[in-house]
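Novice: Sequence order for the protein chains is L and P.
Quick note on numbering: numbering that gives the first Met the number 0 labels position 37 of the first sequence as 36, and the sequence is numbered without any gaps.
Quick note on numbering: numbering that gives the first Met the number 0 labels position 127 of the second sequence as 126, and the sequence is numbered without any gaps.
Note that CB positions come from ideal geometry on N, CA and C, so glycine has one too.
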Amino acid sequence: MWRLIAGIALVLISCVFGGLLCSNITGESSTVSDMGEDLRTIRSLIKYERKSMREILERLCECGKLRGLWCEIKKLFEQSGNMSGAWLTASKTFTVHNDEYRQELDSFFSGFGTGGIEAELSRLEKIICSTERMEEKIKNELDGKLKLIRTLTTLGGIALALIIL
Amino acid sequence: MLKRNDKTIACILEVIPARLAQIIGRYIRTENVEEIRFRINRPVQLVASDKDVLLTQYGVFSYSESGALLHRLCMGSVYALEDELAKGYVTIIGGARVGICGRPVVEHGRIVKLTDIQGFNIRIPYEAYGCAEPLVNAFIKDGRPATTIIAAPPGVGKTTFLRDLARCLSDGKGIERGYRTAIADERNELSGSVEAVPMLDIGARTDVMSLAAKSESIPMLIRSMNPEVVLTDEIMTDDDYDAISDAACHGVSIIATVHARSFREIRSISRLNRLLDNGVIERAWILKRQGSAFSLIGETGEKVCGD
């Protein structure tokens with residue numbers, strides 16, 4: 000009887016363990032998704048309100064998804080007036096493992112604010128599209144990984160339970 | 000009485016190329032510089048009321064410096080000031096106005112953008128606290144501001160005077176009480192607003208509508224802010240005169256400036272002449288300046304003097 004209870008407990012524990020592992024590896028996905036959300040906010044603030052860089056950073060610092068990052072950029076931008084430098088310094092904490100997407104973000108923010116309204120909006124559209132593609136790609140990769148982790152941990156739990164029994 | 004705001008000067012020195020900030024700062028403080036002109040591949044020019052200086056010993060203003068200057072003038076947000084740039088000027092923090100020239104992009108007969116920017120003219124604004132105070136009663140009739148035209152040729156200080164007049168009417172300086180005052184600031188020269196905040200002192204009871212045509216902003220101000228008096232700079236077009244007539248019909252006084260040297264020139268502007276004759280415009284004054292003191296001359300020769 001005790002062995003049966005221990006076996007069931009093992010299976011449950013392995014499922015919980017698998018879930019915890021899964022939640023840890025969704026970090027990058029949510030960061031990219033948050034960046035996408037904030038970029039869409041920037042687009043609206045420019046398109047409909049013609050907000051200046053300072054006002055945009057202020058808004059994102061107050062209610063953006065990546066508040067910590069924007070507050071840091073705002074602080075650096077106010078000191079130097081240089082968006083490119085502010086982004087490069089502050090974005091070290093922004094974890095994206097895809098080099099191509101990272102370069103796209105660096106290139107976007109290095110020229111952000113120097114063009115006219117149409118140029119800025121078209122560059123924003125482009126980076127938003129890249130972010131959405133990246134989000135989709137990470138999500139697909141993640142789905143596969145999550146399935147594998149859940150299956151392996153559950154099977155591991157069942158195997159252990161069978162050994163005990 | 001005429002003096003510059005230290006904060007304005009500090010803001011100007013922050014945006015100009017660092018290698019020139021020290022020397023230009025010295026000239027501003029000692030030589031009464033009114034304008035700083037930057038032209039690509041040419042030396043910087045400083046213009047004072049009585050002379051101008053070319054800073055030839057500091058080399059020419061380069062193309063890359065021009066890009067950096069534009070970026071700093073726009074506070075890193077060129078797109079946000081595109082409409083102002085298309086009109087040929089931007090206002091920076093501190094209230095200084097910067098004239099800009101380059102290659103206009105025209106769409107449907109209208110300038111929509113300015114590209115290939117090659118020249119900047121930073122105009123250092125004067126603050127003339129109290130210059131209108133001894134004269135403010137000349138704008139009051141039967142206990143309310145009268146609809147009035149202030150005429151003067153360029154360079155006398157119409158804008159400086161009008162700004163201080165707004166402050167006096169708003170704060171009740173030199174008169175019995177302060178009035179609900181509004182400014183239709185088409186070129187953002189009176190208030191020097193940046194991000195909707197006036198950088199220059201225009202009084203505690205003053206509302207500003209900036210960067211919109213007078214013919215649009217005056218009716219909007221009347222509808223939305225219920226002012227007792229609206230001040231505006233340099234009326235010129237038929238639409239401007241229509242806006243004055245309409246305001247008078249709504250019982251709101253307008254005080255506006257116009258380019259003219261004499262009453263003969265005022266009367267030669269047919270729309271203005273008609274408004275004076277039918278009493279819509281109740282008063283007209285020629286503004287004179289001697290040193291830092293202003294005075295007003297009426298059509299019948301009466302004179303109101305400042306300090």
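Decide if M133 (chain L) is buried, meaning its Cβ has at least 16 other Cβ atoms within 10 Å, or exposed.
Specialist: Residue numbering aside, residue 133 (chain L) sits at position 134 when the first sequence is read from its first letter. M133 (chain L) should be labelled buried.
Novice: Contact criterion: CB-CB distance below 8 Å. Does T113 (chain L) meet it with respect to chain P?
Specialist: Here residue 113 (chain L) refers to the residue found at position 114 when the first sequence is read from its first residue. Yes, its Cβ sits closer than 8 Å to a Cβ of chain P.
Novice: Going by DSSP in three states, V77 (chain P) sits in which element: helix, strand or coil?
Specialist: The count along the second sequence starts at 1 and reaches residue 77 (chain P) at position 78. Three-state result, V77 (chain P): helix.
Novice: Just checking: is the beta-carbon of H70 (chain P) within a distance shorter than 8 Å of some beta-carbon in chain L?
Specialist: For the purposes of this step, residue 70 (chain P) is identified with residue 71 of the second sequence, where counting begins at 1. Taking Cβ atoms only, chain L reaches closer than 8 Å to H70 (chain P), which makes this a yes.
Novice: With distance defined between alpha-carbon atoms, name the residue in P:A150, P:A79 and P:C130 nearest to G115 (chain L).
Specialist: Within the first sequence, the letter at position 116 stands for residue 115 (chain L). Of the candidates P:A150, P:A79 and P:C130, the one whose C-alpha sits nearest the C-alpha of G115 (chain L) is P:A79.
Novice: Is M219 (chain P) close to chain L? Criterion is C-beta to C-beta, closer than 8 Å.
Specialist: Indexing the second sequence from 1 puts residue 219 (chain P) at position 220. Taking a beta-carbon distance threshold of 8 Å, M219 (chain P) does not count as an interface residue toward chain L.
Novice: May I have the straight-line CA-CA distance separating G160 (chain L) from A5 (chain L), to the nearest angstrom?
Specialist: As a working mapping, residue 160 (chain L) is identified with position 161 in the first sequence. As a working mapping, residue 5 (chain L) is identified with position 6 in the first sequence. Rather than Gly, the amino acid found at residue 160 (chain L) in this sequence is Ala. Whole-angstrom Cα-Cα distance: 7 Å.
Novice: What residues from the stretch 72-88 of chain P come within 7 Å of chain L, judged by C-beta to C-beta, listed N to C?
Specialist: M74, G75, S76, V77, Y78, A79 and E81
Novice: Any beta carbon from chain P within less than 8 Å of D108 (chain L)'s own beta carbon?
Specialist: In the first sequence, residue 108 (chain L) corresponds to position 109, counting from 1. The residue asked about is misnamed: residue 108 (chain L) is Phe in this sequence, not Asp. Judged by the 8 Å Cβ criterion, F108 (chain L) is not in contact with chain P.
Novice: Taking 8 Å as the CB-CB cut-off, is I116 (chain L) touching chain P?
Specialist: Working through the first sequence from its first residue, we reach residue 116 (chain L) at position 117. Yes, I116 (chain L) lies at the interface with chain P (some Cβ there is under 8 Å from its Cβ).
Novice: For I116 (chain L), name the three-state secondary structure that DSSP assigns.
Specialist: Within the first sequence, residue 116 (chain L) is the residue found at index 117, counting from 1. The answer is helix: DSSP assigns I116 (chain L) an H, G or I state.
Novice: Spell out whether any CB of chain L is found under 8 Å from the CB atom of E194 (chain P).
Specialist: One-based indexing of the second sequence puts residue 194 (chain P) at position 195. Interface residue, yes.
Novice: For L230 (chain P), which of helix, strand or coil comes out of DSSP?
Specialist: Position 231 of the second sequence holds residue 230 (chain P). Strand.
Novice: Going by beta-carbon coordinates alone, are A47 (chain P) and E30 (chain P) separated by less than 8 Å?
Specialist: In the second sequence, residue 47 (chain P) corresponds to position 48, counting from 1. In the second sequence, residue 30 (chain P) corresponds to position 31, counting from 1. Going by C-beta atoms, A47 (chain P) is nearer than 8 Å to E30 (chain P).
Novice: Let me know the secondary structure DSSP gives G58 (chain P) once reduced to three states.
Specialist: Residue 58 (chain P) sits at position 59 when you count from the first residue of the second sequence. Here G58 (chain P) sits in coil by DSSP.
Novice: I need the boundaries of the beta strand (DSSP E) containing N120 (chain P), first residue and last residue.
Specialist: Numbered from 1 along the second sequence, position 121 holds the residue referred to as residue 120 (chain P). Here the beta strand (DSSP E) through N120 (chain P) covers R109 to R122.
Novice: Cα separation between A20 (chain P) and A67 (chain P)?
Specialist: Translated into the one-based positions of the second sequence, residue 20 (chain P) becomes position 21. Translated into the one-based positions of the second sequence, residue 67 (chain P) becomes position 68. Going by the C-alpha atoms only, they are around 14 Å apart.
Novice: Could you say which of P:A151, P:E227 and P:G250 lies nearest to K287 (chain P) if we only look at CA atoms?
Specialist: In the second sequence, counting from the first residue as 1, residue 287 (chain P) sits at position 288. For K287 (chain P), the nearest C-alpha among the options comes from P:A151.
Novice: Using a Cβ-Cβ cut-off of 8 Å (strictly less than) and excluding sequence neighbours within five positions of S214 (chain P), which residues of its own chain qualify?
Specialist: Start at 1 with the first residue of the second sequence, and residue 214 (chain P) comes out as number 215. Counting only Cβ-Cβ distances below 8 Å, and skipping sequence neighbours, we find T236, D238, D239, D241 and A242.
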